[in-house]
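Below is one structure, written out as structure tokens; comments come after it.
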Amino acid sequence: MEKRSYERQLMRPLLNVAKDVPLRLADIACHQGKIYPLCYVELKSSNPRAQDVFISAGIHGREIGGIYAALRFMEKSIKNPDPDFNFRIFPCINPTGFEDNTRENRNKADLNRDYARIGSQAETRIIKLLLTQQAKRYAFTIDMHEDSVDDPVSDIMGEGEFPAEKNPTDFYMYEISPPGSRQGRGVIQSLERQGVAISRQKRIYAEKNNEGIVWTPKPKSSSDANHSTLFGYLQKYTEHSYITETMTTWSLERRVDVQLLALDALLGEFMKK
Ligand SMILES: [Zn+2]
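Sequential numbering from 14 applies to the sequence shown in the numbering used here.
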């Protein structure tokens, strides 16, 4: 496989988008003298009642289905603006993991376990600072991930290693939301109607899977929350936090399509609210 290039595969499409909307720079992460700009776009509706949505992908760099889905969503939304939502979109928040095809960044740090305190990695500190300085209440946040079917998963919630044969093989999602206001079920129903296979295994890693959704009720106080993941940390800014998981065994095209179907379904659910 030819080595991926953040400059060529991420920055070029982003600079292209910048012809139509301002491309924003959160800050620059440096790795061994090479610079990696963490860029995002804001798509604003003129509708004063539009809801804010935060979209991120690629915190695990090799989970590229989400990265390309976020880029495609950005391009599509610029051509066809959605009047009901404002979007803040970060298509790739682990540039070196993207280039190296690794879960971790180049310092071998899992960025999605780095949100508990100040953040040991530049990429974490950059996202946290931006979230704080430009604080919004988001209707929901979505962090796009992928599941590597053939990799054993280690040390999730201190329960040791999960053998690869127990990995899910179909779509699933994580949801943190208040008990009376869960939206994941509508998303799963919509995906099933469109022919997406949903994981029905009883447990996914250490957690209970309910018809394709691993749900956690939003804790009453934010100090109860597990903030070591971006997904958990985002609870400071939203009542509804989501992770979508496509399978790396599918074709890349399918992975991108399913991520986009899930995002569209979520938007549909929040329109009804
Ligand atoms: Zn992931």
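We treat Cβ as the ideally placed atom computed from N, Cα and C, and that holds for glycine.
| request: Report the rounded CA-to-CA distance for Glu224 versus Tyr19, giving the unit in angstroms. | output: Stepping through the sequence shown from its first residue, residue 224 is reached at position 211. Stepping through the sequence shown from its first residue, residue 19 is reached at position 6. Those two C-alpha atoms are separated by around 36 Å.
| task | Only counting runs of 3 or more residues, tell me where the beta strand (DSSP E) segments fall wholly within the stretch 226-265, in order along the chain. | result | Runs of the beta strand (DSSP E) lying entirely within the stretch 226-265 and spanning at least 3 residues, in chain order: 226-230 and 254-260.
| Alpha carbon to alpha carbon, what distance is there between Lys32 and Met170? | If you number the sequence shown from 1, residue 170 lands on position 157. If you number the sequence shown from 1, residue 32 lands on position 19. Bear in mind that the predicted position of Met170 carries a pLDDT of just 48, short of 50, making it unreliable; the figure below should be weighed with that in mind. So the alpha carbons of these two residues sit roughly 44 Å apart.
| query | Hey, Asn125 and Pro96: beta-carbon distance below 8 Å or not? | reply | Here residue 125 is taken as the residue at index 112 of the sequence shown, counted from 1. Here residue 96 is taken as the residue at index 83 of the sequence shown, counted from 1. For Asn125 and Pro96, no; Cβs fall outside 8 Å.
| query | Would you say Ile155 and Leu38 are within 8 Å of each other, going by their C-beta atoms? | reply | Translated into positions along the sequence shown, residue 155 becomes position 142. Translated into positions along the sequence shown, residue 38 becomes position 25. Taking 8 Å as the Cβ cut-off, Ile155 and Leu38 do not qualify as a contacting pair.
| field | Member of Leu280, Asp113 and Lys286 whose CA lies at the smallest distance from the CA of Phe86 | value | The count along the sequence shown starts at 1 and reaches residue 86 at position 73. Taking only the C-alpha atoms, the option nearest Phe86 is Leu280.
| How about the stretch 95-114 and the stretch 71-83: do they share at least three Cβ pairs that are nearer than 8 Å? | Contact holds: three or more Cβ-Cβ distances are below 8 Å.
| query | Is it right to say Gly193 is buried, meaning 16 or more other beta carbons lie within 10 angstroms of its own, or is it exposed? | reply | Here residue 193 refers to the residue found at position 180 when the sequence shown is read from its first residue. Exposed: under 16 other Cβ atoms inside 10 Å.
| field | Strand pairing of Gln64, partner residues [DSSP] | value | As a position in the sequence shown, residue 64 is number 51, starting the count at 1. Note: Gln64 sits in a beta bridge opposite Phe98.
| message | Within the continuous beta strand (DSSP E) that includes Asp113, where are the two ends? | response | Position 100 of the sequence shown, counted from the start, is the residue given in the question as residue 113. Looking at the DSSP string, Asp113 is not in any beta strand (DSSP E); the run it does join, the alpha helix (DSSP H), is Pro108 to Asp113.
| field | Among Ile189, Ile41, Asp183 and Pro191, the one whose alpha carbon lies nearest that of Leu204 | value | Translated into the one-based positions of the sequence shown, residue 204 becomes position 191. Looking at the Cα atoms, Asp183 is the closest of the given residues.
| By Cβ distance, which residues of its chain are closer than 7 Å to Tyr246, with the 5 residues on each side in sequence left out? | Taking the first residue of the sequence shown as position 1, residue 246 is located at position 233. If we look at Tyr246 and ignore the five residues flanking it on each side, its Cβ neighbours are Tyr128 and His240.
| task | Assess, as a yes-or-no matter, whether the stretch 201-219 is touched by the stretch 113-124 under the definition of 3 or more beta carbon pairs within less than 8 Å. | result | no
| query | Just the Cα atoms here: how many angstroms apart are Pro50 and Arg267? | reply | Mapped onto the sequence shown, residue 50 falls at position 37. Mapped onto the sequence shown, residue 267 falls at position 254. Cα to Cα, the separation comes out at about 28 Å.
| Should Ile48 go down as buried or exposed, given a rule of 16 or more other Cβ atoms within 10 Å for buried? | Locating residue 48 in the sequence shown gives position 35, where the first residue counts as 1. Counting Cβ neighbours within 10 Å, Ile48 comes out exposed, since fewer than 16 surround it.
| query | In this structure, does DSSP put Gln16 in helix, strand or coil? | reply | Mapped onto the sequence shown, residue 16 falls at position 3. What sits at residue 16 in the sequence shown is Lys, not Gln. In this structure, Lys16 counts as coil in the three-state DSSP scheme.
| task | Give the straight-line distance between the Cα atoms of Leu265 and Gly78, rounded to the nearest whole angstrom. | result | Taking the sequence shown and counting its residues from 1, the one referred to as residue 265 is at position 252. Taking the sequence shown and counting its residues from 1, the one referred to as residue 78 is at position 65. When rounded, the distance between both Cα atoms is 6 Å.
| field | Any non-hydrogen atom of ligand 1 closer than 7 Å to Asn180 Cβ | value | In the sequence shown, counting from the first residue as 1, residue 180 sits at position 167. Between ligand 1 and Asn180, a heavy atom-to-CB distance of less than 7 Å is absent.
| Nearest residue (CA-CA) to Pro232, options Ile201, Met260, Ser190 and Arg150 | Against the sequence shown, residue 232 aligns to sequence position 219. Ranking the options by Cα distance to Pro232, first place goes to Ser190.
| Hey, how far is the Cα of Lys121 from the Cα of Gly132? | On the sequence shown, residue 121 is found 108 positions in, with the first residue counted as 1. On the sequence shown, residue 132 is found 119 positions in, with the first residue counted as 1. Their Cα atoms are separated by approximately 14 Å.
| query | Are Gln196 and Phe283 close, meaning C-beta to C-beta below 8 Å? | reply | Here residue 196 is taken as the residue at index 183 of the sequence shown, counted from 1. Here residue 283 is taken as the residue at index 270 of the sequence shown, counted from 1. Contact flag set, yes.
| said: Taking DSSP's pairing of strands, which residues face Asp156 in a bridge? | reply: To locate residue 156, count along the sequence shown from 1; it is residue 143. Per DSSP, Ser69 and Ile256.
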